[in-house]
Amino acid sequence: MKTTIHQGFAISPLGILFTGLICLGVGVGGSYLFFRTPNTAPPEVSQQLRTLMDRLDAIEQRQTASQAPYHSAKSRSTPGVVAYVAQRQHVERLRNDPEYARQEEQHRQDRLEKAYLDEPINAAWAAQSAVLVDSALLDAFEQSNLNVHASSVDCRSRSCRIRIDGIDGADAYDDLVTFLSVNIADTLPKARLVTTIGPDGKQALDIFASAVPEGAQHWEP
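The numbering of the sequence shown is the numbering used here, which starts it at 1050 and goes up by one.
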């Protein structure tokens, strides 16, 4: 396997990746640790979305039962309820409308890409982070017995963009993300994932992974 690392804008002969946690690709609760939202809704993701919808149904039923004696119909139009209903409708459409899911994923990737490219470059931090991520990536490839077509990493001042092409199968994807999450979560604990499915059925993975700025408790890239 031949891989390439882009450190800042410098190039090194190693390949890379990252992770923190595996989450469903629907931004429930505002979490931004490892999202997975393929733009063609493969079967395993559709199953995950169905499971989420079942959980949302159960929560809604419990809330309705507990609040019915105390709330009038008018109170159900409060901002919190409206936001919940909008999120539910969004999830349903992602599950049932592949084109809508593709467009939403593309918009999300564009936003992440812009935020990343707007970040200044710190050459020393970029080089150091690239070495750490590269080591973690190579270990993850070995642990998961995964062969990929290519991998690369580009780091700036507090974030790295990691790309892996040619991931074959959901199990390989999950194994890779799991091993990486253990290997470099200390360095880059916050990340968003963008997964695309090629015509050959293989997955390409973009990871926008970031360190938390010093003194910050919450941070969105």
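Ideal Cβ placement from N, Cα and C applies to all residues, glycine included.
- Following the DSSP letters along the chain, one finds Leu1187 in no beta strand (DSSP E) but inside the alpha helix (DSSP H) bounded by residues Ala1172 to Ser1193.
- By the Cβ-count criterion, Asn1232 is buried, with 16 or more other Cβ atoms from all chains shown falling within 10 Å of its own Cβ.
- Between the beta-carbon of Gln1158 and that of Val1243 there is about 5 Å, and that keeps the pair under the 8 Å contact cut.
- Approximately 6 Å separates the beta-carbon atoms of Arg1210 and Phe1257; this is inside 8 Å, confirming the contact.
- Distance check between Ser1208 and each of Tyr1149, Val1140 and Ala1173 places Ala1173 closest, using alpha-carbon atoms only.
- For Asp1188 and Val1180, the gap between their C-alpha atoms comes out near 12 Å.
- When the five nearest sequence neighbours on each side are left out, the beta carbons in the same chain lying within less than 8 Å of the beta carbon of Tyr1149 are those of Arg1142 and Leu1143, in order along the chain.
- The Cβ atoms of Ile1213 and Ser1193 do not sit closer than 8 Å to each other.
- In the structure shown, Thr1245 falls within a strand segment according to DSSP collapsed to helix, strand and coil.
- Ala1150: member of the alpha helix (DSSP H) spanning Pro1147 to Leu1166, first to last residue.
- Between the C-alpha atoms of Asp1224 and Leu1186 there is a straight-line separation of about 12 Å.
- Less than 8 Å separates the beta-carbon of Thr1236 from that of Ser1178.
- Secondary structure of Val1261 (DSSP, three-state): coil.
- A straight line joining the alpha-carbon of Val1182 with that of Ala1175 spans about 10 Å.
- Assigned with DSSP and collapsed to three states, Leu1143 falls in helix.
- Beta-bridge partners assigned by DSSP to Lys1239: Ser1259.
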